[in-house]
Amino acid sequence: GNSVTQMEGPVTLSEEAFLTINCTYTATGYPSLFWYVQYPGEGLQLLLKATKADDKGSNKGFEATYRKETTSFHLEKGSVQVSDSAVYFCALSDLPGYSTLTFGKGTMLLVSP
Amino acid sequence: NAGVTQTPKFRVLKTGQSMTLLCAQDMNHEYMYWYRQDPGMGLRLIHYSVGEGTTAKGEVPDGYNVSRLKKQNFLLGLESAAPSQTSVYFCASSYGGGPSYEQYFGPGTRLTVT
Numbered sequence: 209g210n211s212v213t214q215m216e217g218p219v220t221l222s223e224e225a226f227l228t229i230n231c232t233y234t235a236t237g238y239p240s241l242f243w244y245v246q247y248p249g250e251g252l253q254l255l256l257k258a259t260k261a262d263d264k265g266s267n268k269g270f271e272a273t274y275r276k277e278t279t280s281f282h283l284e285k286g287s288v289q290v291s292d293s294a295v296y297f298c299a300l301s302d303l304p305g306y307s308t309l310t311f312g313k314g315t316m317l318l319v320s321p
Numbered sequence: 014n015a016g017v018t019q020t021p022k023f024r025v026l027k028t029g030q031s032m033t034l035l036c037a038q039d040m041n042h043e044y045m046y047w048y049r050q051d052p053g054m055g056l057r058l059i060h061y062s063v064g065e066g067t068t069a070k071g072e073v074p075d076g077y078n079v080s081r082l083k084k085q086n087f088l089l090g091l092e093s094a095a096p097s098q099t100s101v102y103f104c105a106s107s108y109g110g111g112p113s114y115e116q117y118f119g120p121g122t123r124l125t126v127t
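Residue numbers (this note's numbering), protein chains in the order written: chain A, 209 to 321; chain B, 14 to 127.
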């Protein structure tokens, strides 16, 4: 079956530090990959996605590249802000007809001033 | 345009009680989903619907029922609540199926079963 593995948190950084959150996946087909973000007290929002190998998704300064050879989709940001503090979820979808998602367990990011 | 809304926001039930969670979307989306979020478990799909009048089981459907009588609403029912159903429940919707269609999430319902 499909699965997504994320690094455990919390990840604690100072403002302007570089961020990497690791995500690897197992899938039977050719999945699409997503990063969702959940701010405190809110639902999830799509942050970025990539639908095929070597695609790079980007949004709000965050980037992730779909690496088929390493089955990875690591999230990066060059300079984090306090407002980036949230829980980040990596997810995949590989069913051709439906967009059901398989989520990782989430990684909490805490950014201090 | 409210997006996806969920009612109620919080609820406390006693074991054996029943309740219904309501999800509504005003984006004319065909697909709707119910997830539960537990600490250290991420989100897990309970049930989903690919159109009015249709429902299907997800990863963790036991103990829940759903109905999609109207396109804009997706109801999640607990017939006999158990402490293991203490969780945060999220509803989501998408215009279509497949990875090209983003899922939009509601704010969640925090349910505690004592």
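Positions of the beta carbon are idealized from the N, C-alpha and C atoms, including for glycine.
Quick caveat, the model's predicted, so the values are computed rather than measured.
- The C-beta of Arg57(B) comes closer than 9 Å to at least one C-beta of chain A.
- Any Cβ of chain A closer than 9 Å to the Cβ of Pro120(B) would place that residue at the interface, and such an atom is present.
- In the structure shown, the three-state DSSP call for Asp51(B) is strand.
- The continuous stretches of beta strand (DSSP E) do not include Phe281(A), and DSSP gives it neither H nor E.
- Among the residues facing chain A, Gln30(B) is not included, as its CB has no counterpart in that chain under 9 Å away.
- Rounded to the nearest whole angstrom, the CA to CA distance from His60(B) to Ala69(B) is 6 Å.
- By the neighbour-count criterion, in which 16 or more other beta carbons inside 10 Å mark a residue as buried, Pro248(A) falls on the exposed side.
- Put simply, the CB of Gln116(B) is near chain A, with a gap under 9 Å to one of its CB atoms.
- In summary, the residues of the stretch 259–285 of chain A whose CB is separated from some CB of chain B by less than 8 Å are Thr259, in the order they occur in the chain.
- When Cβ-Cβ separations below 9 Å define contact, Ala37(B) makes no contact with chain A.
- The beta-carbon of Val219(A) is placed no less than 9 Å from the nearest beta-carbon of chain B.
- For Val290(A), the three-state secondary structure derived from DSSP is helix.
- For Ser80(B), the nearest beta carbon of chain A is not closer than 9 Å to its own beta carbon.
- At least one CB atom of chain B sits nearer than 9 Å to the CB of Glu250(A).
- If you ignore the 5 residues before and after Leu241(A), its C-beta comes within less than 6 Å of the C-beta of Ala258, Tyr274, Phe281 and Leu300, all in its own chain and listed in chain order.
- Boundaries of the beta strand (DSSP E) around Tyr233(A): Cys231 to Thr234.
- Apart from sequence neighbours up to five positions away, the residues of its chain that approach Lys22(B) with a beta-carbon distance below 8 Å are Pro120, Gly121, Thr122 and Arg123, ordered along the chain.
- Using a Cβ-Cβ distance cut-off of 8 Å, the stretch 283–294 of chain A and the stretch 214–232 of chain A are in contact, since at least three pairs of beta carbons, one from each stretch, lie closer than that value.
- Classified as buried, Gly314(A) has 16 or more neighbouring CB atoms from the shown chains inside 10 Å of its CB.
- No residue range can be given for Lys313(A), since it is assigned to no beta strand (DSSP E) and is classified by DSSP as neither H nor E.
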